[in-house]
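Position one of the sequence shown corresponds to residue 8 (our numbering), numbered consecutively onward.
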Amino acid sequence: MLSDIDAEVIFQNKSYGEFRLVQYDLRLKKNDVDGKNYREWNEYIVPYSKCEIDRNFIYPNKEEAKQYNLTNFYCPDWKNLTLQGNWYSKNYKYLTLSYIRCQGENCVNQEEFQKWIDGKWVQQLIISSYFADNNYEQPIQYFLDDSFLAIEKNRTIFNRINYQKNYLELSDNIVTLDQSYKQDFFYMMSSQRTFFSSDTAGGGEGVFFSQDFVLDKEVNIYTRSVYSLSDLVRDIGGMYNGLYFIGLFLYQRLQDTILFSSLIGKLYQVEKIYQEKLTKNHNTLLSHNNRICKENEINKNQKEEWKRNGLEANQSKVLQQNQDHLNKSKLKQLSTQKPQKLANKKHLLIQDDSTSEEENQFQSVIRNGIADDRKGESSGQNNMNNPRKQLLVSALSKYSTKRDIPIIDKKILHGLLSIKELIIQQSIDENAESPLCTSNDLENSIRFSQNNIEEQNENINKTIQNTEISQINDDEMKPYLEGKRKVWKQF
């Protein structure tokens with residue numbers, strides 16, 4: 008656009024002049040007649056209009072573009088403008104932007120134009136780009152570069168802007184083994200050159216500004232590569248050494264696995280088990296485990312029983328010691344009471360036991376029943392059905408305790424029942440009062456007492472039987488003693 012130096016006032020009056028944009032296509036050809044080379048010029052007027060984003064102004068950052076008041080600028084309407092080659096190329100293409108004074112009837116005169124042209128500036132916005140090496144998503148970045156040149160009267164300003172084509176070679180993959188590159192390119196304004204000439208020469212009469220957009224002869228190549236697996240392989244000695252190192256590592260791991268497997272197989276006797284054998288062995292192991300559990304339970308119960316038996320044996324030992332002490336005390340007491348019992352026995356024999364007919368009959372029945380029972384025991388027969396025995400039992404069964412038996416019956420019992428039975432009954436009464444005695448201890452004590460009492464009873468009977476009548480001072484007792492001796496012989 009054409010404006011003042013501050014780009015605040017815009018000049019768009021075409022009666023003074025206007026901009027023209029031309030696409031030149033220059034081709035180098037050869038004359039068939041004389042064989043000389045010549046250049047064929049083709050020019051195309053490029054239309055332009057006010058700049059609008061996404062229509063004739065293509066720029067990725069729209070917010071940035073709005074800051075430059077694009078409505079005051081003009082942009083070309085063609086999108087296939089081309090820069091190619093140089094002057095010596097067979098096909099040379101470039102663009103030329105010029106400001107030409109208006110000529111014709113509708114234009115201002117020379118004097119008025121000279122006054123108007125002072126203080127006019129050509130303002131431009133040029134899209135350029137650069138390579139951002141630290142951006143891996145968008146390595147090509149764009150920006151807007153400004154340019155402004157003054158127009159002077161009677162002079163032509165020539166400006167030359169070079170656009171440089173740059174190539175990119177990107178290798179951003181870190182897992183690749185080969186060094187592959189992704190290629191791309193971009194254009195950037197590399198340089199510009201300005202020079203002056205008179206308005207009647209150079210570009211022609213009436214041309215006050217002329218600017219060419221050409222392709223720069225120099226080319227830049229930008230390369231970016233990250234440290235990848237291929238670089239690692241190269242650093243450790245190349246592909247061969249890298250594969251050798253990997254194979255050696257795998258072989259070492261495999262060798263360690265085989266070694267540990269063989270050791271485990273030898274230590275724990277590991278064998279290959281197939282599915283059927285595995286099921287069978289599993290069932291066998293279950294049964295074996297159940298059997299072991301049962302054996303452990305039996306052993307546990309047996310140990311508890313042994314422990315309990317040990318406690319019982321210890322308790323029995325203590326009870327036996329207590330019982331032995333009691334038996335010794337009992338024997339000592341019997342030894343002291345032996346003369347007294349002998350006197351009591353004699354007293355019972357000399358007492359009058361025929362006070363009444365009932366007493367004599369009761370005594371006779373009991374004696375005959377006992378005699379029959381003893382005969383039955385000696386012959387191996389059971390006389391429980393004997394009426395006399397039943398009568399004796401029924402006569403004695405009416406008394407609940409020994410204390411309830413009358414004195415006359417006690418005499419009969421002393422004469423009929425053996426001293427062994429009386430001592431057993433006495434031992435039962437005495438042992439029942441001892442809290443340390445058990446049923447086994449009582450049975451052992453009774454058995455021991457029976458043997459001692461039987462020996463004592465035999466000694467007493469022998470003493471009574473062997474007592475001579477002449478040794479008894481009481482005359483009334485002698486005939487009765489002889490009768491009693493016959494009775495004792497029956498027992």
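Virtual Cβ for every residue (Gly too), placed ideally from N, Cα, C. Bear in mind the structure is a predicted one, so any value in this text is a computation, not a measurement.
Measuring alpha carbon to alpha carbon, tell me which residue in the options is nearest residue i.
| i | options | result |
| --- | --- | --- |
| Tyr55 | Asn79, Trp128, Phe202, Gln74 | Asn79 |
| Phe215 | Asn288, Asn173, Ser336, Arg108 | Arg108 |
| Asn113 | Asn63, Ser269, Gln74, Ser22 | Ser22 |
| Tyr174 | Asn180, Ile181, Lys189, Val233 | Lys189 |
| Val115 | Glu25, Asn63, Ser294 | Glu25 |
| Arg46 | Ile12, Lys97, Asn290 | Lys97 |
| Lys172 | Asn227, Arg200, Leu132 | Asn227 |
| Leu132 | Lys301, Ser336, Glu71 | Glu71 |
| Leu104 | Leu88, Gln309, Ile271, Arg260 | Leu88 |
| Ser187 | Asn296, Val233, Asn297, Leu255 | Val233 |
| Tyr106 | Ser237, Gly211, Asn290, Glu119 | Gly211 |
Going along the chain, which residues of its own chain have a beta-carbon closer than 7 Å to the beta-carbon of residue i, five neighbours each way excluded?
| i | result |
| --- | --- |
| Thr230 | Glu176 |
| Lys69 | Ile60 |
| Leu257 | none |
| Tyr101 | Tyr31, Leu90, Asp219, Phe220, Val221 |
| Lys127 | Leu9, Phe18, Ile158 |
| Gln328 | none |
| Gly249 | Val240, Ile243 |
Please state whether the Cβ-Cβ distance between residue i and residue j is less than 9 Å.
| i | j | result |
| --- | --- | --- |
| Tyr137 | Pro67 | no |
| Leu90 | Tyr170 | yes |
| Gln130 | Ile168 | no |
| Arg34 | Tyr99 | yes |
| Leu77 | Cys58 | yes |
| Ser178 | Asp152 | no |
| Gln74 | Gly213 | no |
| Lys86 | Asn63 | yes |
| Ser252 | Ile243 | Reading off the sequence shown, one finds Phe at residue 252, where the question assumed Ser. In contact: Phe252 and Ile243 (Cβ atoms closer than 9 Å). |
| Lys224 | Asn49 | no |
Residue i lies in the alpha helix (DSSP H); which residues open and close that run?
| i | result |
| --- | --- |
| Ala72 | 69-73 |
| Gln121 | 117-124 |
| Ser237 | 236-242 |
Taking 8 Å as the limit between beta carbons, can you name the residues of its chain near residue i, skipping five residues before and five after?
| i | result |
| --- | --- |
| Ser205 | Asn161, Arg162, Thr163 |
| Phe140 | Checking the sequence, you will find Asp at residue 140 rather than Phe. Once the five neighbours on either side are set aside, the close Cβ partners of Asp140 are Pro146, Tyr229, Arg231. |
| Ser268 | none |
| Asn44 | Leu35, Lys36, Lys37, Asn38 |
| Lys324 | none |
| Leu274 | none |
What does a CB cutoff of less than 6 Å around residue i pick up in its chain, not counting 5 residues either side in sequence?
| i | result |
| --- | --- |
| Glu440 | Only weak support exists for where Glu440 lies, its pLDDT of 44 falling under 50; the value from the coordinates is given anyway. Nothing meets the Cβ criterion. |
| Ser198 | Asn169 |
| Phe165 | Phe202, Ser217 |
| Val40 | none |
| Ile12 | Trp128 |
| Ala14 | Gln130 |
Can you tell me where the beta strand (DSSP E) holding residue i begins and where it ends?
| i | result |
| --- | --- |
| Arg108 | 98-108 |
| Lys37 | 24-37 |
| Ala14 | It is not in any beta strand (DSSP E) - Ala14 carries neither H nor E in the DSSP assignment. |
| Pro83 | 81-83 |
| Tyr149 | 147-158 |
| Asn227 | 214-232 |
| Tyr174 | 162-178 |
| Asp191 | 189-205 |
| Asn518 | In the structure displayed, the chain extends from 8 to 498; residue 518 sits before or after that span and is not available. |
| Val182 | Taken as a continuous stretch (DSSP letters only), Val182 belongs to no beta strand (DSSP E), as it is neither H nor E. |
| Val40 | Unbroken run through Val40: none, as it is neither H nor E. |
| Ile65 | Here Ile65 belongs to no beta strand (DSSP E), and DSSP marks it neither H nor E. |
| Asp132 | Residue identity differs from the one stated: residue 132 is Leu in this sequence, not Asp. It spans 127-138 - the beta strand (DSSP E) in which Leu132 sits, taken as one unbroken run. |
Exercise. Would the region 74-88 and the region 189-202 be scored as touching if the rule is three or more Cβ pairs under 8 Å?
Worked result: no
Problem set entry | the region 42-56 touching the region 141-157, judged by at least three CB pairs closer than 8 Å | no
Problem set entry | Stretch-stretch touch, CB-based, cutoff 8 Å, three pairs: the region 114-128 with the region 16-33 | yes
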